[in-house]
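Working notes for the structure below.
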Amino acid sequence: MKYFHILAFALVLLNSCKDDNPVDTSGDKAQYIYFLTDTLNIKSRETETYYARMDTNGTNRKYLMRLWYGPEKATYSPDGKKVVLDHRTVMNINGTDRRFFADANGFAWSPNSSYVAHWSYDSLKVTDVNTLETKLVAAEKYFSKAVWAHDSKTLYYTKRDSSITSIRADGSERKILLKAVLGSEIDLIADITASPREDIILFTHRNAITGKAEIGVIKADGSGRRVTNDAGGFIFHNWSPDGRRVLAVKYIGKTQELCEIDVQSLSIRSYLQFTEKDILASSYSPDGTKILFTLSEKLYQYGLSYSRIFIMNNNGSQLRSLTSDTLTESTPPERYAGWSK
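Each residue of the sequence shown is one higher than the last, beginning at 0 in numbering that gives the first Met the number 0.
Below, the structure is given as structure tokens:
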């Protein structure tokens, strides 16, 4: 009976969403939400991953293309016109002009949406998304993450040695801005992000003296460090359009909170709290009035994990699921949503 429900639901979903032409070439005249989703193939009985879109109210879902390599993550450009999938694909957000360009552990869009930084174990590179020309920026070991400065010409990156380094996208002017030292006040830098509007870098670290996690802010030259004490670790997500706030996930044991951090005051606003659930991604709408996020949770009665897309106002009101009001064994997982403009 369980598999009958799954097959029946998949058949209805495929008939309603799948197109004869797997790529939408009509262009986006209105704003949509794009996302990744999985469904069950009726013939092969194997899970298939699709890149899809829906209206901003959660209606009119449309499958744009099958993704054969089953990407787990989508990273959308700041201008809402392109997307990078984690299986080496860059394309227009509507699924056209799909090209393969890099195999990496992580990707970061430049604020002007012209370049993608990507890193692996021992290299940091930058690719022009229009020409697909790739340049080596730095060849070092243990890269953790890279983010762009607001000028789209400078990168900040962290490594496993818990340092923050700035470097020009052409590989010049390398400078260590902050380096954690074991046993000192800062002994572990966990995450970084940079404002798309000004020369400000946010980072999270553990304070070895107090034992607490802290959020810190430094300027692009490494000066002006400010910190705020707050129990729990943070992972940064996306910035508000005005560059004054950033969405983040706060971790305390098995609990996760979706938060908003004010850059100037370092005040933290908690929107939602979840236990034994994962907040995979969050972002503001282009006008900054709404927040979109993906929530993954386990269905213990089925032994499966599913993800859903939620939307709410930027003050935390009118929270609702765009995927489904309730989870069942036949609910298709939807994740890593982003906005078009």
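The beta-carbon is built from N, C-alpha and C at its ideal position, and this holds for glycine as well.
- In the DSSP assignment, Thr322 falls outside any beta strand (DSSP E) and carries neither an H nor an E.
- Here the segment 262-272 does not lie against the segment 29-37, with fewer than 3 beta-carbon pairs under 8 Å apart.
- Beyond the five residues adjoining it in sequence on each side, Ser113 comes within less than 8 Å, by CB distance, of Asp127, Val128, Asn129, Ser151 in the same chain, given in chain order.
- The segment 192-241 contains, as complete beta strand (DSSP E) runs of 3+ residues, the segments 199-206, 212-218, 225-228, 232-238 (chain order).
- Excluding the 5 residues flanking it on each side, Arg205 has same chain C-beta neighbours closer than 6 Å at Leu187, Ala212, in chain order.
- Note that the C-beta distance between Thr164 and Ile175 is below 7 Å.
- Distances from the CA of His149 to each of Ser161, Ala168, Lys134, Ser143 were compared; the closest alpha carbon is that of Ala168.
- Per the coordinates, the alpha-carbon of Met64 lies some 24 Å from the alpha-carbon of Ser284.
- Ranked by how close their Cα comes to the Cα of Thr95, the residues Ala51, Glu45, Ala138 have Ala51 in first place.
- For Trp118, the secondary structure class from DSSP, reduced to helix, strand or coil, is strand.
- As computed with DSSP, Phe142 is found in a beta bridge with Lys158.
- Gln272: member of the beta strand (DSSP E) spanning 267-274, first to last residue.
- In this structure Trp108 is in contact with Ser76, their Cβ atoms being roughly 5 Å apart against a cut-off of 8 Å.
- Here Leu279 really is in contact with Thr293; their C-beta atoms are around 4 Å apart, less than 8 Å.
- In this structure, the beta-carbon distance from Gln255 to Val245 does not fall below 7 Å.
- In this model, Met90 and Gly337 are separated by some 14 Å (Cα to Cα).
- For Ala101 against Leu84, the beta-carbon gap comes to about 11 Å, at or over 8 Å, which does not count as contact.
- Rounded to whole angstroms, the gap between the alpha carbons of Ser122 and Phe99 is 19 Å.
- If only complete runs of 3 or more residues are kept, the segment 46-94 shows the beta strand (DSSP E) at 46-54, 61-66, 73-75, 81-84, 88-91, in order along the chain.
- For Leu176, the enclosing beta strand (DSSP E) covers residues 174-178.
- Annotation: Thr192 to Leu135 spans about 21 Å, alpha carbon to alpha carbon.
- When Trp67, Asp286, Pro332, Ile214 are compared, the shortest CA-CA separation from Asp78 is found for Asp286.
- Rounded to the nearest angstrom, the gap between the Cα atoms of Asp277 and Tyr250 is 10 Å.
- Collapsing the DSSP output to three states places Arg98 in a strand.
- Here the alpha carbon of Thr36 sits roughly 17 Å from the alpha carbon of Asn56.
- Contact check for Ser162 against Lys178 passes: the beta carbons are separated by less than 7 Å.
- Within the same chain, Cβ atoms closer than 7 Å to the Cβ of Phe34 are found at Ala51, Ile308, Glu333, Arg334, Tyr335, Ala336, the five residues on either side in sequence being excluded.
- Across the structure, Arg225 and Asn313 are spaced so that their CA atoms are roughly 26 Å apart.
- With fewer than 16 other Cβ atoms inside 10 Å of its own Cβ, Lys253 counts as exposed.
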